[in-house]
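So the structure is just underneath, and the comments pick up after that.
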């Protein structure tokens, strides 16, 4: 069951030679979510072997150009490739005007609908769910309306210990209840304790996307315990004043959020073009949160499946 993040672009406002603007693809059990779509995102997808037609959901954080300019070419390519399936776009209301413009000038001949879903929330809120995955949106602190996203697996059903099924002659009804975590009382008064007879087969994985944002106290609570968190680090602390003025974060800010949230791993990105070396970012972040890595264009970051130990 795959849970992988494909890094398409890690630049901020100005792309540089080795970094495209913001764009990421998260693959969850074969379903592909495109998170922001900066200029050049479809080029990077082709280079990384990601099927453009398999993107069914796009999550837009905000409508600054470095996060949306790739959308124009992307849907045109989808049309040329013969797409028929609906494309779902979740974004702040301001993106509606952008979408209307794109479709009015470049939408002729598209054989698929583009369905806009307006994101508007003051705290984490589920905006999309399937049988196994759910997506939450939450507000960030930037110069314009901006949202972050959490994509996470749902809690799995319990597995029932196979040895105990035969040993206690469990019926299909009893197995069904135990798989839901419900203890069963038999006619003879004995109790089949769900905590003894059943177990969760794995720990659900999760990914939080936090870009663009100034630090604010609620964020660490909102992303608490996620497996992997991407947090923008446009600047290192030597440019803290500029970060404050532009409502961005430093690598130190990102690491403090990760530490407070107790996340599994912190991924830094959205670097300012002012920096030729990214060493200041990783040094100051690791001093606060050790499990920090720098995102680079073309990286693939996998969140492994952690199975629970079976004991009874």
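Numbering (this note's numbering), first residue to last: 38 to 349. Glycine included, C-beta positions come from ideal geometry on N, C-alpha and C.
Residue i versus the options, residue with shortest Cα-Cα distance
i, options, result
"residue 181", "190, 131, 45, 161", "131"
"residue 52", "324, 335, 330, 307", "307"
"residue 212", "226, 225, 231, 224", "231"
"residue 193", "238, 302, 157, 284", "238"
"residue 50", "335, 248, 277", "248"
"residue 102", "73, 38, 82", "73"
"residue 39", "170, 268, 323", "170"
"residue 143", "125, 114, 160, 195", "114"
"residue 279", "267, 254, 309", "309"
"residue 105", "226, 134, 266", "134"
"residue 121", "179, 290, 93", "93"
"residue 200", "234, 146, 191, 152", "234"
CA-to-CA distance, residue j to residue i, given in whole angstroms
i, j, result
"residue 288", "residue 90", "35 Å"
"residue 204", "residue 95", "49 Å"
"residue 275", "residue 57", "24 Å"
"residue 85", "residue 305", "20 Å"
"residue 172", "residue 224", "42 Å"
"residue 339", "residue 295", "18 Å"
"residue 286", "residue 242", "25 Å"
"residue 55", "residue 136", "29 Å"
"residue 166", "residue 187", "12 Å"
"residue 71", "residue 88", "11 Å"
"residue 110", "residue 175", "28 Å"
"residue 78", "residue 197", "44 Å"
"residue 118", "residue 324", "47 Å"
"residue 154", "residue 261", "26 Å"
"residue 207", "residue 222", "12 Å"
"residue 332", "residue 210", "49 Å"
"residue 195", "residue 218", "6 Å"
Residue i burial status per 10 Å Cβ neighbour count (16 or more: buried)
i, result
"residue 344", "exposed"
"residue 163", "exposed"
"residue 341", "exposed"
"residue 189", "buried"
"residue 123", "exposed"
"residue 269", "buried"
"residue 81", "buried"
For residue j and residue i, believed in contact at Cβ under 8 Å, the rounded distance
i, j, result
"residue 148", "residue 116", "7 Å"
"residue 298", "residue 257", "4 Å"
"residue 59", "residue 75", "4 Å"
"residue 156", "residue 184", "5 Å"
"residue 320", "residue 302", "Going by Cβ atoms, the distance from residue 320 to residue 302 rounds to 17 Å, so no, they are not a contact pair."
**OP:** Would you list, in sequence order, the uninterrupted beta strand (DSSP E) runs of no fewer than 3 residues that lie entirely inside the stretch 120-201?
**Re:** 124-128, 151-155, 162-166, 170-176, 184-190
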